[in-house]
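Enquirer: Protein chains in written order, with the working numbering: chain A, 24 to 132; chain G, 4 to 114.
What follows is a single structure, and I will ask about it in a moment.
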Amino acid sequence: DAKTTQPNSMESNEEEPVHLPCNHSTISGTDYIHWYRQLPSQGPEYVIHGLTSNVNNRMASLAIAEDRKSSTLILHRATLRDAAVYYCILRDTGNQFYFGTGTSLTVIP
Amino acid sequence: DSGVTQTPKHLITATGQRVTLRCSPRSGDLSVYWYQQSLDQGLQFLIQYYNGEERAKGNILERFSAQQFPDLHSELNLSSLELGDSALYFCASSTRSYGYTFGSGTRLTVV
Chain A
24 DAKTTQPNSM ESNEEEPVHL PCNHSTISGT DYIHWYRQLP SQGPEYVIHG LTSNVNNRMA
84 SLAIAEDRKS STLILHRATL RDAAVYYCIL RDTGNQFYFG TGTSLTVIP
Chain G
4 DSGVTQTPKH LITATGQRVT LRCSPRSGDL SVYWYQQSLD QGLQFLIQYY NGEERAKGNI
64 LERFSAQQFP DLHSELNLSS LELGDSALYF CASSTRSYGY TFGSGTRLTV V
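And the structure:
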């Protein structure tokens, strides 16, 4: 299973941008980069995914390095509801997601 | 509502017993995945089914088994339960071109 490395925890002030980094140096050419988040006592929720180009949706932006060995999830204005564990995952050829420990984001009012 | 339905939401049972967890995937999704999340741990992939057939196995114990039925709902059977099996069990479904949609989980407590 493809590996990703994320900081264990991060803090952000409310209404400020948050940049959540992820390293995936062993990524293959066909691996998509997916981000999910998990709020307490809930199932993980899809946030965004991409292959090579930067991606934007209503929830967040995904910035992918040119060599694809790292990516950054950007929350443009953090709210208290964004406090969650954020998982960066590479989707392997077998189509399964292998979750790491993720980054626990704390949003400070 | 994510579209993936898991029942029951909570389950309390004794050691040595057997339980069945049920998952109805999102309409149109052929793949079902089961994950286990123990306290303060990440999500462990257990098993995947695609259109009724087992597609991949992860860290699933021999005491655990699953199946997917013709109507595409899936059941995860856990037998000879131990205290360490207490966890949240999540089901997810997907299509080929998109990511996973997770259910809200079943919280299993073994006493």
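Cβ atoms here follow ideal geometry from the backbone N, Cα and C, with glycine treated the same way.
Could you spell out where the beta strand (DSSP E) holding Ala90/G opens and where it closes?
Expert: For the purposes of this step, residue 90/G is taken as the residue at position 87 of the second sequence. Following the DSSP letters along the chain, one finds Ala90/G inside the beta strand (DSSP E) bounded by residues Ala90 to Ser97.
Enquirer: Take Ser83/G and list the residues in its own chain whose beta-carbon comes closer than 7 angstroms to its own, dropping the five residues that flank it on each side.
Expert: By 1-based counting over the second sequence, the position of residue 83/G is 80. Answer for Ser83/G: Gly19 and Arg66, listed in chain order.
Enquirer: Assign Ser97/G to one of two classes, buried (16 or more other C-beta atoms within 10 Å of its C-beta) or exposed (fewer than that).
Expert: Counting from one through the second sequence, the residue named residue 97/G turns up at place 94. Ser97/G should be labelled buried.
Enquirer: Mind checking if Arg114/A is an interface residue toward chain G, Cβ cutoff 9 angstroms exclusive?
Expert: Reading the first sequence from its first residue, position 91 is the one you call residue 114/A. Yes, because at least one Cβ of chain G sits closer than 9 angstroms to the Cβ of Arg114/A.
Enquirer: CA-CA distance, Ile131/A and Asp32/G?
Expert: Locating residue 131/A in the first sequence gives position 108, where the first residue counts as 1. Locating residue 32/G in the second sequence gives position 29, where the first residue counts as 1. Rounded to whole angstroms, Ile131/A to Asp32/G spans 38 angstroms at the Cα level.
Enquirer: Going by other Cβ atoms of all chains shown within 10 Å of its Cβ, with 16 needed for buried, is Phe120/A buried or exposed?
Expert: Locating residue 120/A in the first sequence gives position 97, counting from the first residue. Label assigned to Phe120/A: buried.
Enquirer: How many angstroms separate the CA atom of Val41/A from the CA atom of Ala17/G?
Expert: Taking the first sequence and counting its residues from 1, one reaches residue 41/A at position 18. Taking the second sequence and counting its residues from 1, one reaches residue 17/G at position 14. Take the alpha-carbon of Val41/A and the one of Ala17/G: they are about 44 angstroms apart.
Enquirer: To the nearest angstrom, how far is it from the Cα of Gln51/G to the Cα of Lys12/G?
Expert: Locating residue 51/G in the second sequence gives position 48, where the first residue counts as 1. Locating residue 12/G in the second sequence gives position 9, where the first residue counts as 1. Rounded to whole angstroms, the gap between the alpha carbons of Gln51/G and Lys12/G is 21 angstroms.
Enquirer: Would you say the region 48–55 of chain A touches the region 88–95 of chain G, given that touching needs at least three Cβ pairs under 8 angstroms?
Expert: no
Enquirer: Roughly how many whole angstroms lie between the Cα atoms of Ser127/A and Ala86/A?
Expert: Sequence index remark: in the first sequence, residue 127/A carries index 104 (1-based). Sequence index remark: in the first sequence, residue 86/A carries index 63 (1-based). Spanning the two alpha carbons is a distance of roughly 19 angstroms.
Enquirer: Grab me the residues of Thr102/A's own chain with a C-beta within less than 8 angstroms of its C-beta, minus the 5 sequence neighbours each way, in chain order.
Expert: Counting from one through the first sequence, the residue named residue 102/A turns up at place 79. Answer for Thr102/A: Glu37, Glu38 and Val130, listed in chain order.
Enquirer: Kindly give me the distance between the Cβ atoms of Pro30/A and Pro44/A, rounded to whole angstroms, as I take these residues to be in contact under 8 angstroms.
Expert: For the purposes of this step, residue 30/A is identified with residue 7 of the first sequence, where counting begins at 1. For the purposes of this step, residue 44/A is identified with residue 21 of the first sequence, where counting begins at 1. About 7 angstroms; that satisfies the 8 angstroms criterion.
Enquirer: Tell me, to the nearest whole angstrom, how far the beta carbon of Gln39/G is from that of Leu24/G; I am working on the premise that it is less than 8 angstroms.
Expert: What you label residue 39/G is simply residue 36 of the second sequence in a count that begins at 1. What you label residue 24/G is simply residue 21 of the second sequence in a count that begins at 1. At roughly 10 angstroms, the Cβ-Cβ gap does not stay under 8 angstroms, so Gln39/G and Leu24/G are not in contact.
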